[in-house]
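As structure tokens, the structure follows; a few thoughts come after it.
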Amino acid sequence: MNVVLITVDTLRPDHLSAYGYARGTSAPLDWLAEEGVVFTNVYSTSSWTPPSVASLLTSLPPDRHGIRSGDAPDFLEGGHEVEGQEVLRGSVVTLAEAVAAHGYTTVGFSTNPHVSARLGFAQGFDHFESLRAPASSDTSAGAVYADAAAVASAVTRRTREAIAAGKAFIWIHYLDPHFPYRKRSPWLEEYAESDARDGPLPAAITHPRWFHESTADPAARRRLFEAWYDGEIRFACKEIGALLEELVDREQTLIVLTSDHGESIFEHGVLGHGQTLFEAELRIPLMLRFPEAWNATGTRSERVSIMDIAPTILSALAIPIPESMSGQSLMPLVREDARFESRALYSELRRGRLDVHAVIEDGWKLIVDRGRRFQALYHLDEDPGESRNLIHVRPGRARRLGQALMARVREADAARAAHREPIDEETRVRLRALGYVE
Ligand SMILES: [Zn+2]
10 MNVVLITVDT LRPDHLSAYG YARGTSAPLD WLAEEGVVFT NVYSTSSWTP
60 PSVASLLTSL PPDRHGIRSG DAPDFLEGGH EVEGQEVLRG SVVTLAEAVA
110 AHGYTTVGFS TNPHVSARLG FAQGFDHFES LRAPASSDTS AGAVYADAAA
160 VASAVTRRTR EAIAAGKAFI WIHYLDPHFP YRKRSPWLEE YAESDARDGP
210 LPAAITHPRW FHESTADPAA RRRLFEAWYD GEIRFACKEI GALLEELVDR
260 EQTLIVLTSD HGESIFEHGV LGHGQTLFEA ELRIPLMLRF PEAWNATGTR
310 SERVSIMDIA PTILSALAIP IPESMSGQSL MPLVREDARF ESRALYSELR
360 RGRLDVHAVI EDGWKLIVDR GRRFQALYHL DEDPGESRNL IHVRPGRARR
410 LGQALMARVR EADAARAAHR EPIDEETRVR LRALGYVE
């Protein structure tokens, strides 16, 4: 059996028709949901790319895989390389390494510069390509990364050969629903129709400022943002659908579609991601389409983690799950067998000045923002929009969750301090000259 793992950056499950969204944004892929298993409550370990994708591939939380930083290049100024991002250490075991060790041919494609071979993400891949927008692209029209159409044309003969041999692991990371947005016709026009604005729709939106300045009405602003966001999702799903149609035999392939994080669309006053640990940024889709003989279909609402995806794929392939992986296989849920223990799910956002942590357990969620000295407790089952902070209403619950969360955070801090890389001699000489070290 082949495996095709598709990650679509910045993809909110509630914006997919496969998850009941009113617009047919995922129409070309809705068969994945109809013929497969749909998980409706999947949480990432963070709300932006580097830590989340590293958790997907290693099944480790950010404090264990160590990927927490990284400044995106300024695409619009012609930049390509990420600065200041930790490199995924060779000592961690990735999903690609685990399948490669069992004879799979592994091929990966990434369109996100945070996820590159230079940054350690090619570990375990026989062939890995970081795709970029063609040099001739018009960046002012938003063509700053390899879009889903460019991905389709980059999938090489090698990929087809690997799939034809029947033992391939293919990973493709798409970027389309991530800012900046291009005018995806005809869907944008259809979606934006009700939001009459002065003048024609631009060819691209290259700065979020445009949405803030477009209209003073918050509801109209949200609808306008959604029109552009949904247009990109619809475009990506069309391209992915066509690629799958061309590349894979559904009866010989496990197809997994997920994301790395969501996107705030003015929830809690925020636009974008990597800024909060609220549901809009933390929740991701997860659809698994098994060959028909597996008889695996339906919806599963248990709260599960992005770290569970790698163990699930390995378990489906009957490959032992490496001991290092801390997620758990979802196959008991796929098979609707009772052996699945729900656990507390943790997430974190340590980026620049942000130092935010969250824990979700038994339908409750505690967010501790150490930088802003803010804490919030939400009952997700009754308040999925996180609008009522119950921190003073349920102090016992808040204390218990807070103790578990902060014990973990302190342990991670201590481990990080203990394992800090020794300073190399050149740095030591410079620091000594500055009076920092003896
Ligand atoms: Zn991302």
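For any residue, its number in our numbering is found by taking its place in the sequence shown, counting from 1, and adding 9.
Glycine included, every Cβ here is placed at the ideal spot set by N, Cα and C.
Pick from the options that is closest to residue i, judged by C-alpha positions
i      : options                           : result
PRO300 : THR19, GLY45 and ARG32            : GLY45
ALA173 : THR262, SER119, ARG232 and ARG231 : THR262
PHE244 : TYR183, ALA31 and ARG406          : TYR183
LYS83  : ARG77, PRO71 and PHE188           : Sequence check: residue 83 is Asp here, not Lys. Selected option, being the one with the closest Cα: PHE188.
GLU106 : GLY117, PRO122 and GLY133         : GLY133
ALA286 : LEU140, VAL368 and GLY175         : Just to set this straight, residue 286 is Leu in the shown sequence, not Ala. The candidate whose alpha carbon is nearest that of LEU286 is VAL368.
ILE62  : ALA109, GLN384, GLU311 and HIS270 : The sequence as given places Val at residue 62; Ile does not occur at that position. Of the listed residues, the one whose Cα sits closest to VAL62 is HIS270.
ARG425 : ALA150, VAL17 and ILE76           : ILE76
SER314 : SER338, LEU399, ARG73 and ARG382  : SER338
GLY482 : LYS176, PRO60, PRO186 and LEU386  : What the structure shows of the chain is the stretch from 10 to 447, and residue 482 is not part of that stretch, so it cannot be assessed.
GLU138 : SER119, THR148 and ARG403         : SER119
ALA251 : PRO71, SER324 and ALA158          : ALA158
ARG450 : ASP346, TYR387 and GLN412         : Since the displayed the chain opens at 10 and closes at 447, residue 450 lies outside it and no answer follows.
SER268 : LYS247, VAL279, MET316 and GLY307 : MET316
SER194 : VAL153, ALA110, GLY240 and PHE178 : GLY240
GLY93  : SER223, ASP80 and VAL102          : ASP80
SER162 : SER149, ARG348, ALA142 and ILE293 : ALA142
GLY117 : ALA177, ALA212 and THR67          : ALA177
THR148 : LEU414, GLY88, LEU20 and LEU128   : GLY88
THR67  : ARG352, PRO60, GLY99 and LEU104   : LEU104
Proximal residues to residue i (C-beta, below 6 angstroms), its chain only, five neighbours per side dropped
i      : result
ASP135 : THR114 and THR115
LEU389 : GLY372 and LYS374
ASP433 : With a pLDDT of 49 at ASP433, under the threshold of 50, the modelled position of this residue cannot be trusted; read the value that follows with caution. Around ASP433: no qualifying Cβ.
ALA453 : As displayed, the chain neither begins before 10 nor continues past 447, which places residue 453 out of reach and without an answer.
ASP378 : VAL365
ASP127 : Checking the displayed sequence, the identity of residue 127 turns out to be Arg instead of Asp. Nothing listed; no residue qualifies.
Sequence-distant residues of its chain with Cβ nearer than 7 angstroms to residue i (five each side left out)
i      : result
TRP237 : TYR190, LEU197 and ILE214
GLU288 : PRO393 and GLU395
SER356 : TYR52, SER53, THR54, SER55, LEU286, LEU291 and ALA367
ARG231 : ILE274 and PHE275
LEU363 : GLY380
ILE400 : GLN384, ALA385, LEU386 and ALA407
VAL124 : THR58, VAL62, PHE130 and HIS182
LEU41  : ALA27, ILE264, LEU266, MET296 and ARG298
ILE328 : ALA107, VAL108 and HIS111
GLU90  : PRO82 and PRO122
THR2   : In the structure displayed, the chain extends from 10 to 447; residue 2 sits before or after that span and is not available.
GLU95  : GLY75, ILE76, ARG77 and SER78
Neighbourhood of residue i by C-beta, 8 angstroms cutoff - its chain only, sequence neighbours within 5 removed
i      : result
SER26  : ARG32, GLY33, THR34, SER35, ALA36 and ASP39
VAL257 : ASN11, VAL13, ILE172 and ILE264
GLU260 : PRO300, GLU301 and ALA302
ALA427 : none
ARG344 : ALA305
ARG348 : PRO341
For residue i: DSSP bridge partner residues
i      : result
ARG191 : ALA213
ILE76  : Answer is none; ILE76 lacks a bridge partner.
THR16  : HIS182 and THR267
GLU92  : ASP80
MET296 : VAL47 and LEU266
TYR52  : ARG292 and SER314
Cβ distance (whole Å) where residue i is taken to contact residue j below 8 angstroms
i      : j      : result
LEU69  : SER335 : 6 angstroms
ASP226 : ASN121 : About 33 angstroms; that fails the 8 angstroms criterion.
ASN50  : ARG312 : 4 angstroms
SER333 : VAL101 : 7 angstroms
ILE330 : PRO341 : With 8 angstroms as the limit, ILE330 and PRO341 do not qualify as a contact, their Cβ atoms being about 13 angstroms apart.
LEU358 : GLY283 : 7 angstroms
LEU410 : ILE242 : Not really, about 34 angstroms apart at Cβ, beyond 8 angstroms.
heavy atom of ligand 3 below 7 angstroms from residue i C-beta
i      : result
ASN121 : Although ligand 3 was asked about, the structure shown includes only ligand 1 as ligands.
Any chain C beta carbon closer than 8 angstroms to residue i
i     : result
VAL46 : Looking for chain C here will not work: only one protein chain is present.
| task | Taking only runs that begin and end inside the region 354-411, name each unbroken alpha helix (DSSP H) of 4 or more residues, in chain order. | result | none
| said: At 3 residues or longer, what runs of the beta strand (DSSP E) sit wholly inside the region 299-338? | reply: 307-309
| said: List, from N- to C-terminal side, the beta strand (DSSP E) runs of 3 residues or more that fit wholly inside the region 240-291. | reply: 262-267
| said: What ranges does the beta strand (DSSP E) occupy inside the region 108-177, keeping only unbroken runs of at least 3 residues that lie completely in it? | reply: 114-119 and 136-139
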